[in-house]
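Notes follow once the structure below has been shown.
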Amino acid sequence: MKSNLPYTIKENIANYFGLSLPIWMQSRKSLLIYYFLDLAIFIFFYLSNSIKTTSIDNLKLISLSLSWGLFSYIFGRYSKENKYSNAIIQIYYLLIKTIFVLIFVYIIDKIILIFIPFLFPIGRNSFLLIGISSAFIQSLRLILLNSLNKKNKSIFIFGEEDDIKTFKRESKIFLKNKNTNILKMDCISDLFLIKERDFKTIVIASEGIKFDNSEFLINETFKNNLEILNKSEWFEKYVHKIPSQFITLNFINYTNKYINSNKIHMRIKRMADVFLSLILLFLTFPIIFVVALLIKLEDNGPIFYNQVRTGLFEQPIIIRKLRSMKINSENNGAVWANKNDKRITKIGRLIRKTRIDELPQLINVLIGDMSLIGPRPERPQLEEKLNEKIPNYKYRHIIKPGLSGWAQVNFPYGSSISDSSEKLSYDLFYIQNKSIWLDLLIFIQTIKLIFKMKGY
Numbered sequence: 000m001k002s003n004l005p006y007t008i009k010e011n012i013a014n015y016f017g018l019s020l021p022i023w024m025q026s027r028k029s030l031l032i033y034y035f036l037d038l039a040i041f042i043f044f045y046l047s048n049s050i051k052t053t054s055i056d057n058l059k060l061i062s063l064s065l066s067w068g069l070f071s072y073i074f075g076r077y078s079k080e081n082k083y084s085n086a087i088i089q090i091y092y093l094l095i096k097t098i099f100v101l102i103f104v105y106i107i108d109k110i111i112l113i114f115i116p117f118l119f120p121i122g123r124n125s126f127l128l129i130g131i132s133s134a135f136i137q138s139l140r141l142i143l144l145n146s147l148n149k150k151n152k153s154i155f156i157f158g159e160e161d162d163i164k165t166f167k168r169e170s171k172i173f174l175k176n177k178n179t180n181i182l183k184m185d186c187i188s189d190l191f192l193i194k195e196r197d198f199k200t201i202v203i204a205s206e207g208i209k210f211d212n213s214e215f216l217i218n219e220t221f222k223n224n225l226e227i228l229n230k231s232e233w234f235e236k237y238v239h240k241i242p243s244q245f246i247t248l249n250f251i252n253y254t255n256k257y258i259n260s261n262k263i264h265m266r267i268k269r270m271a272d273v274f275l276s277l278i279l280l281f282l283t284f285p286i287i288f289v290v291a292l293l294i295k296l297e298d299n300g301p302i303f304y305n306q307v308r309t310g311l312f313e314q315p316i317i318i319r320k321l322r323s324m325k326i327n328s329e330n331n332g333a334v335w336a337n338k339n340d341k342r343i344t345k346i347g348r349l350i351r352k353t354r355i356d357e358l359p360q361l362i363n364v365l366i367g368d369m370s371l372i373g374p375r376p377e378r379p380q381l382e383e384k385l386n387e388k389i390p391n392y393k394y395r396h397i398i399k400p401g402l403s404g405w406a407q408v409n410f411p412y413g414s415s416i417s418d419s420s421e422k423l424s425y426d427l428f429y430i431q432n433k434s435i436w437l438d439l440l441i442f443i444q445t446i447k448l449i450f451k452m453k454g455y
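All residue numbers for the sequence shown refer to numbering that gives the first Met the number 0, where the first residue is 0 and numbers rise by one.
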């Protein structure tokens with residue numbers, strides 16, 4: 000659902016020529032720029048250190064370049080800056096991350112040479128120059144961004160008092176991280192009072208707001224390159240979530256129409272699910288086998304654990320997990336796990352942190368019950384409570400559940416109704432904006448989470 004209110008001039012031009020990026024990509028444009036800068040540095044020093052390269056050497060260059068970008072992302076070298084940290088501290092952590100990335104890529108280079116020894120090796124001096132040059136460029140970026148972020152931008156909110164309170168509560172974390180001020184206003188004519196203020200965005204927090212001077216509003220918007228968004232659009236664009244209480248009938252109709260008409264996307268997604276799940280099952284089978292032995296040795300109990308979950312269109316599906324809890328741990332009913340849950344076994348604590356316990360669900364992906372990417376399926380017993388407490392909760396079942404999802408890479412493990420409500424807002428964003436490229440981003444971010452071992 001899109002409002003008829005004007006966006007910024009740049010957005011209007013981009014939309015007219017079909018050049019606009021997806022919402023989730025707009026805030027990540029800088030990530031691509033940083034990666035291509037790193038890539039240029041890497042290729043420059045790689046080629047400058049070689050006299051002659053073959054086509055196989057070029058394949059090695061591509062592999063190492065992709066590895067450099069992947070590990071840089073995993074270790075957070077391209078992450079958004081922390082506006083509450085000193086620039087010197089940020090640069091210090093950047094250098095530490097760069098060292099780790101260099102070590103991993105150097106190891107990959109040596110592993111490649113073991114299997115293909117006649118390839119051109121990258122010297123230590125070249126690796127050192129790559130690290131120094133890349134760290135220098137990224138440090139300049141941090142210094143520049145820190146100076147630019149000292150300038151505050153205000154968000155102007157129109158609406159009823161209760162709606163404004165809801166907006167502030169739902170966007171509290173984002174506004175804190177963005178160092179943004181909020182100014183509450185009662186009517187649209189108050190725009191005349193803010194000509195001298197440094198503002199960027201106007202948010203309409205309540206339905207039925209009357210625009211008593213629409214001509215002035217449009218003129219000011221285009222003259223000052225402002226944007227005017229309703230609350231749902233603001234959350235979708237800047238926080239990359241859509242709180243369930245902000246969903247309207249128009250939103251549902253728009254998304255239903257998109258999902259039902261985008262058959263090509265669904266076919267590509269299904270082919271990718273089958274292909275990647277087969278590869279991942281093959282690659283992770285040794286891990287599953289070793290973990291299965293450890294589970295059996297720990298308490299001589301069953302290796303796998305089957306659970307009924309809610310799938311597409313609320314149909315029950317059976318998912319398979321490597322058992323991480325003690326036998327009969329849910330005899331008294333389904334409950335969420337918590338960080339220090341005594342039901343979790345010693346092996347279970349490790350495999351939950353690394354998400355290894357979820358690997359058998361690749362079979363669910365292969366047979367079509369699940370997708371690699373989508374909202375995580377929940378147990379029916381818990382969903383009964385969630386349906387009662389959270390508005391529009393059932394709407395997440397309009398697409399297949401996934402092994403990982405937008406909620407999982409943006410929000411920690413949830414163990415309460417309020418956590419489930421927050422995760423739902425990310426699931427709704429994914430449903431509204433789903434694409435192959437967003438799936439790829441979630442897949443890469445999931446790898447990053449596995450390295451951080453933040454599961455429980």
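C-beta: ideal position from N, C-alpha, C; glycine also.
Check: Between Asn-363, Gln-137, Phe-74, Ile-217, which lies nearest to Val-100 when the distance is taken from Cα to Cα?; Outcome: Phe-74
Check: For Asn-363 versus Arg-319, is the C-beta distance shorter than 8 Å?; Outcome: yes
Check: By the DSSP assignment, the beta strand (DSSP E) with Ser-403 in it spans what residues?; Outcome: 401 to 403
Check: Apart from the five residues just before and just after Leu-381, which ones in its own chain have a Cβ nearer than 6 Å to its Cβ?; Outcome: Ala-333
Check: Between which two residues does the beta strand (DSSP E) holding Leu-371 run?; Outcome: 370 to 372
Check: Below 8 Å between beta carbons: does that hold for Phe-41 and Ile-111?; Outcome: no
Check: Among the candidates Phe-234, Ser-138, Ser-417, Lys-199, whose CA atom is the shortest distance from the CA of Leu-427?; Outcome: Phe-234
Check: Taking the C-alpha atoms as reference points, what is the distance between Lys-422 and Lys-325?; Outcome: 27 Å
Check: Quick check: the Cα distance between Ser-2 and Val-202, rounded to an integer number of angstroms?; Outcome: Confidence at Ser-2 is low in this model, with a pLDDT of 44, below 50, so the placement of that residue should be treated as unreliable; the coordinate-derived value is given next. Taking the straight line from one Cα to the other gives about 12 Å.
Check: Starting from the C-beta of Ser-133, find all residues in its chain whose C-beta is less than 7 Å away, skip the five residues before and the five after it, and write them out in chain order.; Outcome: Asp-37, Ile-40, Thr-97
Check: What does the alpha-carbon distance come out to for the pair Asn-223 and Thr-200?; Outcome: 11 Å
Check: Leaving out the 5 sequence neighbours to the left and right, which residues in its chain are closer than 7 Å to Arg-76 when beta-carbon positions are compared?; Outcome: Leu-93, Lys-96, Thr-97, Val-100, Gln-137
Check: What are the partner residues of Leu-361, as DSSP defines its beta bridges?; Outcome: None, per the DSSP bridge assignment.
Check: In three-state DSSP terms, what is Gln-306?; Outcome: strand
Check: Pick helix, strand or coil for Met-265, following the three-state DSSP scheme.; Outcome: helix
Check: How about the stretch 279 to 290 and the stretch 349 to 359: do they share at least three Cβ pairs that are nearer than 8 Å?; Outcome: yes
Check: Leaving out the 5 sequence neighbours to the left and right, which residues in its chain are closer than 7 Å to Trp-405 when beta-carbon positions are compared?; Outcome: Tyr-425, Asp-426, Phe-428, Tyr-429, Ile-441
Check: Check each candidate in Ala-271, Ile-317, Asn-386, Lys-262 and name the one with the smallest Cα separation from Phe-303.; Outcome: Ile-317
Check: State the Cα-Cα distance for the pair Lys-240 and Thr-165, rounded to the nearest angstrom.; Outcome: 15 Å
Check: So, are the CB atoms of Leu-385 and Ile-416 less than 8 Å apart?; Outcome: yes
Check: On the three-pair Cβ rule with 8 Å, is the stretch 394 to 403 touching the stretch 293 to 312?; Outcome: yes
Check: What is the DSSP secondary structure of Met-452, reduced to helix, strand or coil?; Outcome: coil
Check: I need the straight-line Cα distance from Phe-274 to Thr-220, nearest angstrom please.; Outcome: 48 Å
Check: Over what stretch of residues does the beta strand (DSSP E) that includes Glu-226 continue unbroken?; Outcome: 226 to 229
Check: By alpha-carbon positions, which one of Ile-355, Ile-267, Leu-439, Glu-313 ends up nearest to Pro-379?; Outcome: Glu-313
Check: Have a look at Asp-272 and Tyr-105 and give me their C-alpha separation to the nearest angstrom.; Outcome: 32 Å
Check: Give me, in chain order, the residues of the same chain whose beta-carbon lies closer than 6 Å to that of Leu-279; leave out the 5 immediate sequence neighbours on both sides.; Outcome: Leu-361
Check: From which residue to which residue does the alpha helix (DSSP H) around Arg-351 run?; Outcome: 345 to 352
Check: Which residue or residues does DSSP assign as beta-bridge partners of Leu-321?; Outcome: Phe-303
Check: Taking DSSP's pairing of strands, which residues face Pro-285 in a bridge?; Outcome: Beta-bridge pairing links Pro-285 to no other residue.
Check: Between Gly-401, Ile-366, Leu-365, Gly-367, which lies nearest to Glu-377 when the distance is taken from Cα to Cα?; Outcome: Gly-401
Check: What are the start and end residues of the alpha helix (DSSP H) that includes Pro-379?; Outcome: 379 to 388
Check: Assuming Ile-443 and Tyr-34 are in contact, meaning their beta carbons sit under 8 Å apart, how far apart are those beta carbons, in whole angstroms?; Outcome: In fact, because the Cβ distance is near 11 Å, the residues do not count as touching under 8 Å.
Check: Near Lys-388, which residues of its chain fall below 6 Å by C-beta distance, leaving aside the five closest residues on each side in sequence?; Outcome: Ile-416
Check: Which of the three DSSP states, helix, strand or coil, is assigned to Ile-163?; Outcome: helix
Check: For Ile-316, which of helix, strand or coil comes out of DSSP?; Outcome: strand
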